[in-house]
Amino acid sequence: MIRTLGAALFLALGLAILTPAHADDGSWHTNILSYTFHVGEVNGSGPNDSQEISAYDPNWMENYGGCDGIRGSDGVCRLDSRDSSNGYFPTSMTPKQNPFYLDVPVSDPALKNRWVQIRGPGGTCFGQVEDAGPAVYHDRAYVFGTDDRRPANTIAQGGGMDVSPALNGCLGFNGRDGMVDWRFVDAPPRGPWTRIVTTSPASWPWH
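Final position of the sequence shown in my numbering is 335; the numbers increase by one with none missing.
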């Protein structure tokens, strides 16, 4: 019995450590600049310039199913446009994971697969956290705060989120960037974002 109680206490403490504070309180983060990124995108040679990997998966592109866009004859994975005719899904590949993915600037394995509600210019959509960024990876005051704090990111106009092409189309962005409001939610309503739900855990060695 003592061993069982000890194991239960250890598990409870472990979960408390991994669970981000305020992650479920429903606080809105308003008027946040969001960029668009996509699995397979490579913007440079730096360690944070490739979306072939993520903060939580060293084989992100492979596990996702390939380039989440259009791969040209030069081998470059480029962004494509999405519309509601097929639920904002890619037309050049078949994803194995949820195409409604995003990142926020905290790298924490407890965040992987978390659901987020996002309000954009064209409506409200839902997606799952599958990476960390943009540019900053430890901005807990913004991500988990309850005071609508501004992102710590000072690069490229201070964006506080990246969204996938599916979310770009669903939210009604005019181009690659858009202003959004967002908050964590426990579960989304049914929609195109629930056709495929990503459940794989974080798989980097330090997770």
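Here a beta-carbon is modelled for each residue, glycine too, at the ideal position from N, C-alpha and C.
Round the Cβ separation of residue i and residue j to the nearest angstrom and send it over; I've been treating them as touching at under 8 Å.
i      : j      : result
Leu161 : Phe228 : Leu161 to Phe228, Cβ: 19 Å. No contact.
Phe254 : Trp156 : Contact doesn't hold; Cβ gap of about 14 Å is too wide.
Asn281 : Val264 : 5 Å
Residue i bridges to which residues according to DSSP?
i      : result
Arg323 : According to DSSP, which records beta bridges pairwise, Arg323 is partnered with nothing at all.
His266 : Val234
Phe254 : Gln245
Ile181 : Its beta-bridge partners do not exist; DSSP assigns none.
Ser162 : Met289, Gly306
Thr170 : The sequence shown places Val at residue 170, rather than the Thr named in the question. In DSSP, Val170 forms a bridge with Ser178.
Output needed for residue i: all residues of its chain with C-beta closer than 8 Å, excluding positions within five of it in sequence on either side, in chain order.
i      : result
Pro316 : Trp243, Gln245, Phe254, Thr322
Gly193 : Met221, Thr222, Pro223, Lys224, Gln225
Compare the C-alpha of residue i against each of the options and name the closest.
i      : options                        : result
Gly273 : Gly286, Val232, Pro293         : Val232
Asn302 : Trp310, Pro293, Asp309         : Pro293
Ile283 : Ala183, Pro262, Asp185, Gly297 : Pro262
Tyr270 : Val257, Glu258, Thr252, Met289 : Met289
Asn214 : Asp275, Cys195, Gly319, Gly154 : Gly319
Gln179 : Asp185, Val167, Pro186, Glu190 : Val167
Val257 : Val170, Arg277, Asp314         : Asp314
Cys195 : Val308, Pro218, Ser212, Arg304 : Pro218
Phe312 : Leu239, Ile324, Arg277         : Leu239
Ser209 : Thr158, Ala183, Asp185, Arg304 : Arg304
Glu169 : Cys298, Val291, Val325         : Val291
Asn159 : Asp211, Thr326, Thr327, Gly287 : Gly287
By Cβ distance, which residues of its chain are closer than 7 Å to residue i, with the 5 residues on each side in sequence left out?
i      : result
Arg206 : Gly197, Ile198, Gly200
Gly300 : Gly248, Pro249, Gly250, Gly251
Quick one: is residue i buried, meaning 16 or more other Cβ sit within 10 Å of its Cβ, or exposed?
i      : result
Gly306 : buried
Thr164 : buried
Asp267 : buried
Asp259 : buried
Gly154 : exposed
Gly203 : exposed
Ser235 : buried
Ile130 : Low per-residue confidence applies at Ile130: pLDDT is 40, beneath 50, and the placement is therefore not dependable enough to give any value.
Trp332 : exposed
Would you say residue i reaches chain B, if we count a Cβ-Cβ gap shorter than 8 Å as a contact?
i      : result
Phe228 : The chain labelled as chain B is not found in the depicted structure, where only one protein chain is given.
Only counting the same chain, and skipping five residues up and downstream in sequence, which positions put a Cβ closer than 6 Å to that of residue i?
i      : result
Ile181 : Trp188
Trp310 : His157, Val244, Ile246
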